[in-house]
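J.:
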Amino acid sequence: MSDQGNRLGRLFSWDAAVVLVTVIVLVVASGAVENFGTSRNFTFLLLDLLPIALVALPMTFIIVTGEIDLSVASTLGLTSAVLGSLWDAGLSIETIIPLCIVLGAVLGALNGFFVTVLKLPSLAVTIGTLALYRGLAFVVLGDGAVADFPRAYTSWVTGTIGDGPVPNVLIPLVVAAVIFGVVLHATPIGRGVFAAGAGEQAARFAGIRTGRLKFWLYVVSGAVAGLAGVLWTLRYSSARADNGFGLELAVVAAVLLGGVSIFGGKGTLPGVLAGVVLLASLQNALRLQDVSNEALNIVTGVLLIVSVLLPNIVSSARTAVRRRRQVTPER
Amino acid sequence: MTATKEAPVTREPAVHSGRSWAANVFKARESGIVLALIVLVAFTATQNSRFLSGQSIRDILLGTAILAVLAVGQAVVMITRNIDLSVGSVLGLSAFAVGTLMKDNPGLPVLVAVLAGLAVGAVCGLLNGALVRFGQVPALVVTLGTLYAFRGVSYFWAGGQQINADKLPASFLDFGTASVLGVPWLVLIALLVLVAAGIVLRSYPAGRELYAMGSSPQAAELAGIRVGRNTIAAFLVSGALAGLAGVLFAARFGTVDAAAGTGYELNVVAAAVVGGVAVFGGSGSVWGAGLGALLLTVIGSALAVLDINQFWQQAIVGALILLAIGADRLVAVRVAKALKKRDSHV
Numbered sequence: 014m015s016d017q018g019n020r021l022g023r024l025f026s027w028d029a030a031v032v033l034v035t036v037i038v039l040v041v042a043s044g045a046v047e048n049f050g051t052s053r054n055f056t057f058l059l060l061d062l063l064p065i066a067l068v069a070l071p072m073t074f075i076i077v078t079g080e081i082d083l084s085v086a087s088t089l090g091l092t093s094a095v096l097g098s099l100w101d102a103g104l105s106i107e108t109i110i111p112l113c114i115v116l117g118a119v120l121g122a123l124n125g126f127f128v129t130v131l132k133l134p135s136l137a138v139t140i141g142t143l144a145l146y147r148g149l150a151f152v153v154l155g156d157g158a159v160a161d162f163p164r165a166y167t168s169w170v171t172g173t174i175g176d177g178p179v180p181n182v183l184i185p186l187v188v189a190a191v192i193f194g195v196v197l198h199a200t201p202i203g204r205g206v207f208a209a210g211a212g213e214q215a216a217r218f219a220g221i222r223t224g225r226l227k228f229w230l231y232v233v234s235g236a237v238a239g240l241a242g243v244l245w246t247l248r249y250s251s252a253r254a255d256n257g258f259g260l261e262l263a264v265v266a267a268v269l270l271g272g273v274s275i276f277g278g279k280g281t282l283p284g285v286l287a288g289v290v291l292l293a294s295l296q297n298a299l300r301l302q303d304v305s306n307e308a309l310n311i312v313t314g315v316l317l318i319v320s321v322l323l324p325n326i327v328s329s330a331r332t333a334v335r336r337r338r339q340v341t342p343e344r
Numbered sequence: 171m172t173a174t175k176e177a178p179v180t181r182e183p184a185v186h187s188g189r190s191w192a193a194n195v196f197k198a199r200e201s202g203i204v205l206a207l208i209v210l211v212a213f214t215a216t217q218n219s220r221f222l223s224g225q226s227i228r229d230i231l232l233g234t235a236i237l238a239v240l241a242v243g244q245a246v247v248m249i250t251r252n253i254d255l256s257v258g259s260v261l262g263l264s265a266f267a268v269g270t271l272m273k274d275n276p277g278l279p280v281l282v283a284v285l286a287g288l289a290v291g292a293v294c295g296l297l298n299g300a301l302v303r304f305g306q307v308p309a310l311v312v313t314l315g316t317l318y319a320f321r322g323v324s325y326f327w328a329g330g331q332q333i334n335a336d337k338l339p340a341s342f343l344d345f346g347t348a349s350v351l352g353v354p355w356l357v358l359i360a361l362l363v364l365v366a367a368g369i370v371l372r373s374y375p376a377g378r379e380l381y382a383m384g385s386s387p388q389a390a391e392l393a394g395i396r397v398g399r400n401t402i403a404a405f406l407v408s409g410a411l412a413g414l415a416g417v418l419f420a421a422r423f424g425t426v427d428a429a430a431g432t433g434y435e436l437n438v439v440a441a442a443v444v445g446g447v448a449v450f451g452g453s454g455s456v457w458g459a460g461l462g463a464l465l466l467t468v469i470g471s472a473l474a475v476l477d478i479n480q481f482w483q484q485a486i487v488g489a490l491i492l493l494a495i496g497a498d499r500l501v502a503v504r505v506a507k508a509l510k511k512r513d514s515h516v
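Here the protein sequences come in this chain order: Z and H. Taking the numbering used here, the leading residue of the first sequence gets 14, the next gets one more, and so forth. Taking the numbering used here, the leading residue of the second sequence gets 171, the next gets one more, and so forth.
Right under this line is the structure:
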C-alpha cells in the first residue's frame with residue numbers, strides 16, 4: 014500500500030517531466046530542424062496528431078481501468094471501408110457519417126461484450142477483433158480505394174480557422190478533450206474508472222458496477238475510433254481498408270508515455286495529451302530530417318518500451334535510496 | 171508473511187487435480203481441432219478435387235512448417251503467462267540477415283545459414299526476455315514495442331532493396347524444396363522442433379517449471395523455481411525459433427525484403443490459441459499449437475480452392491481467436507465448477 018502512495022506521488026512528477034520534454038523537443042526542433050517552426054508545418058503536425066489524440070482519449074480511460082483496446086485502428090479501417098462503399102452505393106454523406114459512428118459503437122460494444130459479459134481477457138479479445146475488423150474491412154472494400162468525396166467536407170477537414178495555422182478539426186478535438194478530462198478527473202464516473210483500475214474487487218464492494226462501466230468505455234472507444242475513421246477518410250479523401258494500419262501502437266505508446274500505468278489505476282488526461290504531442294512532434298521533426306517512415310517505427314517502439322521501463326527503474330531506485338536512508342539513522 | 175506462505179500450500183491439491191482434469195479436457199480440445207480439420211478437408215475436397223493433389227498437400231505442409239515452428243515458440247512463451255508479439259518482425263530480420271549472408275557468400279553450407287538464423291533470433295529473444303524480466307513490465311507492451319523496433323531495423327538495413335532467388339545460391343534454394351522420402355526438409359525440421367519441444371515440456375523438470383510459472387508465478391517462485399531465468403529462457407526459445415522460421419521462409423520463397431513476415435504474429439498467436447494454449451498461461455501443448463498452425467494453413471488453402479475472397483482469411487483468423495478464447499473460458503469455468511463439487515463431497 015505504501016508503494017501505491019509512492020507511485021501516485023511519482024506520477025505527478027512524471028507528468029511534469031513529459032510536458033517539460035515536450036516543450037524542449039518543440040523548442041529544439043524549431044531551432045534545429047528546417048521548416049519545423051513554420052505555420053504550415055504546425056498545421057500538418059496538428060492534423061497528424063488528431064487521430065492519435067482522439068483515439069487516445071477513451072483509450073486512457075480503458076487503460077486506467079486496467080484493460081486495453083488493441084482493435085481501435087482496425088475499427089478505424091473498417092469504418093473507412095464502410096464509408097467508402099456506402100458512398101459508392103449512393104447514400105448521402107450526411108446519412109453515412111452518423112452511421113459510421115454508430116458502426117464504431119457497435120464494434121466497440123462487441124469488444125465490451127466479450128470483455129465484461131463473457132469475462133475474457135481484453136488483450137486476447139482485442140487482438141482477435143484487431144484481425145477480425147481489419148479482415149472485414151478488406152472483405153467490404155477489397156484493396157481498392159474510394160475517393161471523390163464532397164469538396165465541402167474534405168476541405169473543411171484539411172482547412173484552417175480563418176487563414177491561420179490552426180486546423181478546423183482542432184475544435185472538436187479540444188471540445189472532446191475537455192469533456193473527457195472533466196469526466197475523468199471531476200466526476201463519479203472518473204472516480205469509478207480509477208477505482209476499477211486500482212482494485213476491481215474493492216471497487217465492486219464500494220458499489221461501482223465495474224462491468225457496466227467497462228462495457229460503456231469500449232462502446233465509447235469504438236464510436237470515437239469510428240469518428241476518427243470518418244475524419245481520416247475525409248482528410249486524405251480516400252476510403253481504404255488499410256487506413257490507420259498500426260495506429261494502435263502510436264495510441265498505446267502515447268498513453269503510456271503520458272504517464273498512464275499499464276497496470277491500471279493511475280494516469281491523467283493532460284499527461285496523455287502531452288504524450289501525444291511529444292510523440293507526434295518527434296515523428297514530425299524526424300520526418301522533416303528525411304528519416305524514413307519505417308525507421309520511425311524504431312523510435313515509436315523504443316519510446317513505448319522506455320515509457321514502461323522508466324517508471325519502474327525510477328521507483329526501484331527510489332526504494333533503494335529510501336532503504337539506505339532508513340538504515341543510516343539506526344546506526 | 172504467513173498469509174503469502176500459506177497460499178501455495180492450500181492451492182497445491184487444487185492445481186494438481188486440476189491438471190489431470192484439464193489434461194482430459196484439452197485432449198478433447200485437440201481432438202476437436204482434428205475433427206474440424208477432417209470436416210474442412212472433406213468438404214473442400216468434394217467441391218474441388220484439386221485440393222487433395224500432391225502439389226496442394228505439399229504447399230499446405232510447407233506453409234504449416236513455417237507457422238508451426240513459430241507457434242511452438244509462442245506456445246512456450248504463452249505457457250509461462252507471457253506473449254511474444256515480435257515473432258513476425260524477428261522472422262523478417264532473420265530472413266533478411268540469412269538472405270544477405272547467403273547472397274554474399276554463395277559457398278557457405280546450409281547449416282551455417284540455419285545457425286545464423288537461430289543466432290539472430292536468439293539475440294532478439296534474449297532482448298525481449300531481459301526487458302520483460304528486469305523491467306518488470308508486461309510482455310505485451312515490451313514485444314509490441316520490439317515488434318515495431320525490430321521491423322524498423324529491417325527496413326533501416328534493407329533500405330527498400332530486395333533479395334531475389336537468382337542471387338541466392340542453388341544449394342540454399344534446394345534446401346527449401348528438397349525432400350527426403352517424399353517429405354520436404356522444412357516439414358522434417360518443423361516435426362523435429364515439435365517433438366523436441368513437446369518432450370521437454372512434457373517430461374523434463376524444466377518444461378514442468380514453465381507450466382508451474384504460468385499457473386501461478388508467485389507460487390512457482392516460492393516453490394524455488396527460478397522464474398526470472400526461465401522467463402528469459404522462454405523468450406530466447408521463441409526468438410530462436412522465429413529466427414529458424416526466417417531461414418525456412420527465405421529458403422522456401424527465395425525472395426526476401428524488409429516486409430517479410432509482416433502480420434505473422436497474428437496468425438501465430440491464433441494458431442497457439444486455437445490449439446488450446448491458454449492466454450492466461452499454465453496450460454496447453456505444442457502439439458495443439460502445431461495442429462492450430464495446420465488448421466489455419468488449411469483454411470487459407472481451402473479459401474483459395476473454393477474461390478472465396480482471400481480477404482476473408484484475416485477475418486476468419488480473428489473470429490477463430492475469439493472462438494478459441496471463448497471455448498477456453500468455458501472449459502475453465504466447467505473445471506472450476508467440477509472441482510468445487512468434488513471438494514464439497516470430501
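Backbone N, C-alpha and C define an ideal beta-carbon position, used for all residues, glycine too.
#1: Z:V95 to H:L271, Cα distance in whole Å?
#2: For Z:T78, does the three-state DSSP call read helix, strand or coil?
#3: Check for me: the alpha helix (DSSP H) holding H:S341 runs from which residue to which?
#4: Is the beta carbon of H:A319 sitting closer than 8 Å to the one on H:G416?
#5: To test your reading of the DSSP string, which unbroken alpha helix (DSSP H) runs of 4 or more residues are found completely within the stretch 298-376 of chain H?
#6: Assuming Z:W245 and Z:S93 make a contact with CB atoms under 8 Å, what is their CB distance in whole Å?
#7: From H:E182 to Z:L269, what does the alpha carbon distance come to, in whole angstroms?
#8: Quick one: measure Cβ to Cβ for Z:D101 and Z:A293, integer angstroms, because I've assumed they're closer than 8 Å.
#9: Taking the alpha-carbon positions, what's the H:L361 to H:E379 distance?
#10: For Z:M14, which three-state DSSP category applies?
#11: Rounding to the nearest angstrom, what Cα-Cα distance links H:Q126 and Z:D82 in this structure?
#12: Does Z:P201 come out as helix, strand or coil in the three-state DSSP assignment?
#13: Residues of chain H with a CB under 7 Å from the CB of Z:F151: which are they?
#14: Got a sec: is the Cβ-Cβ distance from Z:F127 to anything in chain H below 8 Å?
#15: If you drop the 5 nearest sequence neighbours on each side, which residues of the same chain put their C-beta closer than 8 Å to that of Z:N306?
#16: How close, in whole Å, do the beta carbons of Z:L112 and Z:L91 come, if the pair is a contact with beta carbons under 8 Å?
#17: Could you please tell me which residues of the stretch 262-290 of chain Z, in chain order, have their CB closer than 9 Å to any CB of chain H?
#18: Could you spell out where the alpha helix (DSSP H) holding Z:A298 opens and where it closes?
#19: Out of curiosity, what's the CA-to-CA distance linking H:A238 and H:V443?
#20: Going by C-alpha distance, which of H:N218, H:L351, H:V284 and H:I249 is nearest H:S455?
#21: Given this structure, state the Cα-to-Cα distance separating Z:G44 from Z:T35, to the nearest angstrom.
#22: Would you kindly work out how many angstroms separate the C-alpha atoms of Z:L123 and H:S201, rounded to a whole number?
#23: Verify the CB distance criterion: does H:Y318 have a CB-CB separation below 8 Å to chain Z?
#24: Can you tell me which residues form a DSSP beta bridge with Z:P180?
#25: Using CA atoms only, rank isn't needed, just tell me which of Z:V38, Z:V289 and Z:E213 is closest to Z:E80.
#26: Per the contact definition of three or more C-beta pairs closer than 8 Å, is the stretch 319-339 of chain H in contact with the stretch 206-214 of chain H?
#27: Among the residues of its own chain, which have a CB less than 6 Å from the CB of H:L418, if the five just before and after it don't count?
#28: Residues in the same chain with beta-carbon distance under 7 Å from Z:V321, minus the five sequence neighbours each way, listed in chain order, please.
#29: Taking only beta carbons into account, state which residues of the stretch 312-326 of chain Z come closer than 7 Å to chain H, listed in chain order.
#30: Fully enclosed by the stretch 387-471 of chain H, which alpha helix (DSSP H) runs are 4 residues long or longer?
#31: Along the stretch 450-472 of chain H, where does the CB come closer than 8 Å to a CB of chain Z? Name the residues.
#32: Going along chain Z, which residues have a C-beta under 8 Å from H:G496?
#33: Under 8 Å Cβ-Cβ, which residues of chain H neighbour Z:R222?
#34: Would you say H:L414 faces chain Z, with C-beta separation under 8 Å as the test?
#35: Going by DSSP, name the residue or residues bridged to Z:V159.
#36: Would you report the Cα separation of Z:A165 and Z:G235, rounded to the nearest angstrom?
T.: Reading from the atomic positions:
#1: If you take the alpha carbons of Z:V95 and H:L271, they lie about 45 Å apart.
#2: The answer is coil: DSSP assigns Z:T78 none of H, G, I, E or B.
#3: Per DSSP, H:S341 belongs to the alpha helix (DSSP H) from A340 to T347.
#4: Cβ distance not < 8 Å, so H:A319 and H:G416 don't count as in contact.
#5: The alpha helix (DSSP H) runs of length 4 or more contained entirely in the stretch 298-376 of chain H are, from start to end of the chain, 309-328, 340-347 and 355-373.
#6: The Cβ separation is near 6 Å, so the contact holds.
#7: Reliability of the predicted coordinates at H:E182 is poor, the pLDDT of 38 falling under 50, and no value is obtained from them.
#8: In fact, because the Cβ distance is near 32 Å, the residues do not count as touching under 8 Å.
#9: In this structure, the straight-line span from the alpha carbon of H:L361 to that of H:E379 is close to 23 Å.
#10: With a pLDDT of only 40 at Z:M14, under the threshold of 50, the placement of this residue in the model should not be trusted; the figure read from the coordinates follows. DSSP places Z:M14 in coil when its eight states are reduced to three.
#11: Past the boundaries of the shown model lies residue 126 of chain H; chain H is included only from 171 to 516, so the question cannot be answered.
#12: Correct three-state label for Z:P201: helix.
#13: For Z:F151, the C-beta contacts it makes with chain H under 7 Å involve F481 and Q484, in order along the chain.
#14: The C-beta of Z:F127 comes closer than 8 Å to at least one C-beta of chain H.
#15: Non-local C-beta neighbours of Z:N306 in its own chain, meaning closer than 8 Å and more than five positions away in sequence, comprise R300, ordered along the chain.
#16: Not really, about 13 Å apart at Cβ, beyond 8 Å.
#17: Taking a C-beta cut-off of 9 Å against chain H, the contacting residues of the stretch 262-290 of chain Z are L262, V265, A266, L269, I275 and F276, listed in chain order.
#18: For Z:A298, the enclosing alpha helix (DSSP H) covers residues L282 to L301.
#19: H:V443 has its alpha-carbon roughly 13 Å from the corresponding atom of H:A238.
#20: For H:S455, the closest alpha carbon among the candidates H:N218, H:L351, H:V284 and H:I249 is that of H:I249.
#21: Each residue's Cα considered, the two are about 14 Å apart.
#22: Those two C-alpha atoms are separated by around 29 Å.
#23: Judged by the 8 Å Cβ criterion, H:Y318 is in contact with chain Z.
#24: Per DSSP, Z:T173.
#25: Nearest C-alpha to Z:E80: Z:E213.
#26: Contact between the stretch 206-214 of chain H and the stretch 319-339 of chain H is absent: fewer than 3 CB-CB pairs across the two stretches fall below 8 Å.
#27: Counting only Cβ-Cβ distances below 6 Å, and skipping sequence neighbours, we find I236 and L356.
#28: Same-chain partners within the cutoff: L269 and I275.
#29: Those would be T313, G314, V315, L317, I318, V321, L322 and N325, in chain order.
#30: For the stretch 387-471 of chain H, the full-length alpha helix (DSSP H) segments reaching 4 residues or more read 387-392, 397-423 and 434-444 along the chain.
#31: If the cut-off is 8 Å between Cβ atoms, the stretch 450-472 of chain H has F450 near chain Z.
#32: Within chain Z, the residues near H:G496 are F127, L131 and L133.
#33: Result: empty, since nearest Cβ-Cβ is about 21 Å, beyond 8 Å.
#34: So no, H:L414 is outside the interface.
#35: Z:A252.
#36: One C-alpha to the other measures close to 26 Å.
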